[in-house]
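Structure first, then comments.
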Amino acid sequence: MNVSSHRHGLARPKVLSVLIFAALASSAVSAQVSIDYSISPDEQNHKISDLIYGTNHRMNMTGHENFGFYRLGGNRTTGYNWENNYSNAGSDWQHSSDTYMVPDGVDETIPGITLTDFVDNDAIPGAKTMLTVPLAGYVAADKNGTVQEGEVAPSSRWIPAIAKKNAPFSLTPDLTDNAVYTDEMVNFLVERYGKAADGGVFAYSLDNEPSLWSHTHSRIHPDKLGAKELVDRSIEAAQAVKGVDPTATIFGPALYGFGAFTGLSDAPDWSNYSAQYHWFIDYYLAQMKAAGQSSGMRLLDVLDLHWYSEARGDQRVTDGNADSAKDKNARMQAPRTLWDPEYQEDSWIAQWNMAELPLIPHIQDSIDAHYPGTKIAFTEYGYGGGDDITGAITEADVLGIFGKYGVYAANSWILNDEEKYLASAYRLYRNYNGENGTFGDTSVTATMSDKENSSIYASVDSETGLLHVIVLNKNMNESINGVFNIDSTTIYKSGKTYVLNSDSVEIQDKGEVEVTNNQLNYDIPALSAYHFVFSTSDATDPTDPTDPTDPTDPTDPTDPTDPGTDGVTVSVNIPQDGSASYCSDIVVTNNGSEAVEWHTAFDVEGSVYALWNANWEQAGSKVTIRGVEWNKVLQPGASTSSIGFCANR
Numbered sequence: 129m130n131v132s133s134h135r136h137g138l139a140r141p142k143v144l145s146v147l148i149f150a151a152l153a154s155s156a157v158s159a160q161v162s163i164d165y166s167i168s169p170d171e172q173n174h175k176i177s178d179l180i181y182g183t184n185h186r187m188n189m190t191g192h193e194n195f196g197f198y199r200l201g202g203n204r205t206t207g208y209n210w211e212n213n214y215s216n217a218g219s220d221w222q223h224s225s226d227t228y229m230v231p232d233g234v235d236e237t238i239p240g241i242t243l244t245d246f247v248d249n250d251a252i253p254g255a256k257t258m259l260t261v262p263l264a265g266y267v268a269a270d271k272n273g274t275v276q277e278g279e280v281a282p283s284s285r286w287i288p289a290i291a292k293k294n295a296p297f298s299l300t301p302d303l304t305d306n307a308v309y310t311d312e313m314v315n316f317l318v319e320r321y322g323k324a325a326d327g328g329v330f331a332y333s334l335d336n337e338p339s340l341w342s343h344t345h346s347r348i349h350p351d352k353l354g355a356k357e358l359v360d361r362s363i364e365a366a367q368a369v370k371g372v373d374p375t376a377t378i379f380g381p382a383l384y385g386f387g388a389f390t391g392l393s394d395a396p397d398w399s400n401y402s403a404q405y406h407w408f409i410d411y412y413l414a415q416m417k418a419a420g421q422s423s424g425m426r427l428l429d430v431l432d433l434h435w436y437s438e439a440r441g442d443q444r445v446t447d448g449n450a451d452s453a454k455d456k457n458a459r460m461q462a463p464r465t466l467w468d469p470e471y472q473e474d475s476w477i478a479q480w481n482m483a484e485l486p487l488i489p490h491i492q493d494s495i496d497a498h499y500p501g502t503k504i505a506f507t508e509y510g511y512g513g514g515d516d517i518t519g520a521i522t523e524a525d526v527l528g529i530f531g532k533y534g535v536y537a538a539n540s541w542i543l544n545d546e547e548k549y550l551a552s553a554y555r556l557y558r559n560y561n562g563e564n565g566t567f568g569d570t571s572v573t574a575t576m577s578d579k580e581n582s583s584i585y586a587s588v589d590s591e592t593g594l595l596h597v598i599v600l601n602k603n604m605n606e607s608i609n610g611v612f613n614i615d616s617t618t619i620y621k622s623g624k625t626y627v628l629n630s631d632s633v634e635i636q637d638k639g640e641v642e643v644t645n646n647q648l649n650y651d652i653p654a655l656s657a658y659h660f661v662f663s664t665s666d667a668t669d670p671t672d673p674t675d676p677t678d679p680t681d682p683t684d685p686t687d688p689t690d691p692g693t694d695g696v697t698v699s700v701n702i703p704q705d706g707s708a709s710y711c712s713d714i715v716v717t718n719n720g721s722e723a724v725e726w727h728t729a730f731d732v733e734g735s736v737y738a739l740w741n742a743n744w745e746q747a748g749s750k751v752t753i754r755g756v757e758w759n760k761v762l763q764p765g766a767s768t769s770s771i772g773f774c775a776n777r
């Protein structure tokens with residue numbers, strides 16, 4: 129797992145009054161947009177699924193995103209052979225059969241090592257995992273590189289992939305029987321991890337993007353896939369999985385592209401069903417429902433679709449060079465296609481298929497009509513701009529939409545190598561304070577008067593009662609004069625604020641705000657995303673004369689001559705690479721036998737210009753720090769490692 133330093137917020141400013149606009153130092157602009165926001169914590173709508181905060185195989189970002197769901201999927205899984213760990217790249221790379229999916233440093237001859245390494249090492253504790261079962265008919269027989277056109281399956285380069293073994297399972301599969309069995313693979317995993325209900329592999333995907341097989345995997349399935357063929361293969365595979373683990377969750381059919389949603393990308397037999405069914409999704413749901421009723425088990429738990437935005441500015445927003453102002457604005461507006469009936473994006477989809485938009489409500493209508501109880505997932509999606517603040521704002525918008533509209537699971541797909549802002553959007557929801565602080569688990573009603581320039585999402589934490597609010601400013605030039613009204617019988621008195629903007633990919637702690645009569649005025653700078661955490665507690669005013677950070681207080685623990693709390697040590701690693709500026713983590717440890725409210729000091733080279741998750745003061749080369757509200761007390765033997773700083777030499 130890729131691990132980076134913990135840099136999650138700047139030093140806390142003074143408490144801000146709601147009687148004046150809490151203008152940030154970085155928000156000086158020539159104009160403002162006034163927006164009214166209404167939040168109704170008492171209108172608790174539904175639980176937000178942790179599975180919407182998901183990622184895909186080898187896309188762990190910085191390692192601090194606190195994902196809730198991990199998917200092993202993609203084109204490679206269509207031809208993956210769990211017995212020998214070989215897979216085929218298809219059109220992604222010369223139709224090569226090889227060991228690409230085998231993790232570094234493991235023995236490729238161990239059956240299922242690709243799967244078990246993913247479950248053991250990719251997913252963080254408590255998160256759910258999903259693996260993919262092959263449906264296309266064949267998997268890789270060898271690792272001998274490119275499969276030529278004359279070696280299309282069936283040939284010696286392929287082994288038949290069969291759903292059910294109809295014979296006793298083996299944990300050491302027979303490599304000479306010219307067959308790879310789905311149910312034997314599931315049994316192998318159940319024997320290792322237990323059933324899904326007991327903490328084993330949570331879900332299985334019915335292959336990946338099947339309507340594209342004739343293109344992506346033309347050496348496996350050269351002919352265009354038929355609608356009935358996909359249903360038949362899906363039924364057989366789902367029965368095989370649930371025959372071994374009836375508690376497993378089935379996702380399918382992992383369709384790519386709007387053309388697949390409507391007619392399975394012009395499936396050769398779609399005309400046989402198109403008169404009866406509005407689009408392919410309806411047909412698939414109806415057939416899976418009927419098969420489930422016949423077999424006595426639900427064969428499709430989650431309708432799984434892939435959604436890469438086709439919206440355009442100067443070009444498609446997902447293109448790597450879609451970085452013009454028009455592209456960026458189109459990207460930030462594009463999520464409205466998921467929910468807003470009044471919005472029409474610039475795309476071929478909106479031009480020809482407005483009857484099927486907005487997408488999520490239309491999908492839900494199909495489910496209600498053809499297979500009630502089925503959940504919705506987008507296990508691949510992307511909007512581009514992951515290296516830009518507009519990509520972060522868009523991703524934060526999408527995560528909010530998924531939670532608000534009851535999407536069950538979602539896994540973003542990294543489109544480019546540098547997607548640091550995409551990761552930041554996840555942390556805004558799942559690790560906003562550097563301590564895995566998360567957006568609440570219960571969606572509550574929140575509205576705004578301007579959906580073009582802003583979005584708002586709200587939730588309540590069912591354990592703490594804290595009210596979480598995400599607010600986005602999608603305007604590229606103007607700040608928002610936000611007027612917030614909390615309509616609740618609960619009286620909220622204060623809120624902590626965390627911001628993501630173009631200054632840094634790190635979430636910055638912007639301190640506290642006071643809330644008066646459940647109302648708040650706050651300025652949201654252009655191109656920024658805020659996470660407010662409102663509570664019923666009074667704000668802690670650092671201007672209080674008894675505040676230990678007051679430099680006039682003779683007992684001030686930030687006195688640069690104060691050596692720090694007894695028994696507390698600090699570790700700082702200053703890079704010696706000759707650079708003009710640098711950043712470092714700060715690790716504070718309580719070596720004593722009792723809990724302490726700590727402060728400590730250390731020497732730096734140069735002037736500190738940012739320090740997060742602690743109060744601080746610099747005098748000469750010495751920097752003195754003390755904990756903020758949530759980390760100021762250290763238990764015996766404990767350390768806090770979420771603090772860091774940046775300085776200029």
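Start counting at 1 in the sequence shown, then tack on 128, and there's your number in this note's numbering.
For each residue, glycine too, the CB sits at the ideal point set by N, CA and C.
Note that the coordinates shown come from a computational prediction; the quantities given were computed from them, not determined experimentally.
Pick from the options that is closest to residue i, judged by C-alpha positions
i, options, result
"residue 712", "771, 436 and 204", "771"
"residue 693", "164, 562, 649 and 730", "730"
"residue 569", "586, 561, 582 and 553", "586"
"residue 348", "267, 167 and 748", "267"
"residue 658", "582, 717 and 322", "582"
"residue 315", "371, 325 and 304", "371"
"residue 256", "190, 328 and 635", "328"
"residue 406", "440, 493 and 464", "493"
"residue 413", "564, 500, 456 and 450", "500"
"residue 484", "419, 388 and 549", "388"
"residue 736", "750, 218, 591 and 505", "750"
Sub-9 angstroms separation of residue i and residue j beta-carbons
i, j, result
"residue 536", "residue 179", "yes"
"residue 471", "residue 461", "yes"
"residue 176", "residue 571", "yes"
"residue 340", "residue 393", "yes"
"residue 421", "residue 411", "no"
"residue 332", "residue 377", "yes"
"residue 288", "residue 239", "no"
"residue 317", "residue 244", "yes"
"residue 656", "residue 601", "yes"
"residue 547", "residue 593", "no"
"residue 338", "residue 280", "no"
"residue 650", "residue 195", "no"
"residue 613", "residue 647", "yes"
"residue 164", "residue 577", "yes"
"residue 431", "residue 409", "yes"
"residue 629", "residue 192", "no"
Neighbourhood of residue i by C-beta distance below 6 angstroms, restricted to the same chain and skipping five residues each side
i, result
"residue 153", "Residue placement at residue 153 cannot be trusted, given a pLDDT of 33 that sits under 50; what the coordinates show is reported in the next sentence. There are no such residues."
"residue 169", "572, 588, 595 and 616"
"residue 759", "768"
"residue 680", "The pLDDT assigned to residue 680 is 36, lower than 50, so where the model puts this residue is not dependable, and the model offers no usable value."
"residue 495", "502"
"residue 778", "Nothing can be reported for residue 778: it is not among the residues displayed for the chain, which extend from 129 to 777."
"residue 291", "310, 364, 365 and 368"
"residue 220", "203"
Residues of its chain near residue i, where Cβ-Cβ distance is below 7 angstroms and the 5 sequence neighbours each way are ignored
i, result
"residue 99", "There is no way to answer for residue 99, as the model of the chain reaches only from 129 to 777."
"residue 530", "180 and 538"
Span of the alpha helix (DSSP H) around residue i
i, result
"residue 361", "355-372"
"residue 408", "408-423"
"residue 480", "476-480"
"residue 780", "The first residue shown for the chain is 129 and the last is 777, placing residue 780 beyond what the model contains."
"residue 659", "First-last for residue 659: 656-663, but that is the beta strand (DSSP E), not the alpha helix (DSSP H)."
"residue 549", "548-558"
"residue 388", "386-391"
Beta-bridge partners of residue i, as assigned by DSSP
i, result
"residue 503", "430"
"residue 754", "727 and 743"
"residue 636", "627"
"residue 717", "697 and 767"
"residue 444", "440"
"residue 537", "505"
"residue 334", "261"
8 angstroms Cβ shell around residue i - same chain, five flanking residues per side excluded
i, result
"residue 702", "710, 712, 732 and 733"
"residue 682", "Only weak support is given to the placement of residue 682: the predicted model assigns it a pLDDT of 34, under 50, and the question is left unresolved by the model."
CB contact check: residue i to chain B, cutoff 9 angstroms
i, result
"residue 616", "The chain inventory of the structure shown lacks chain B, comprising one protein chain alone."
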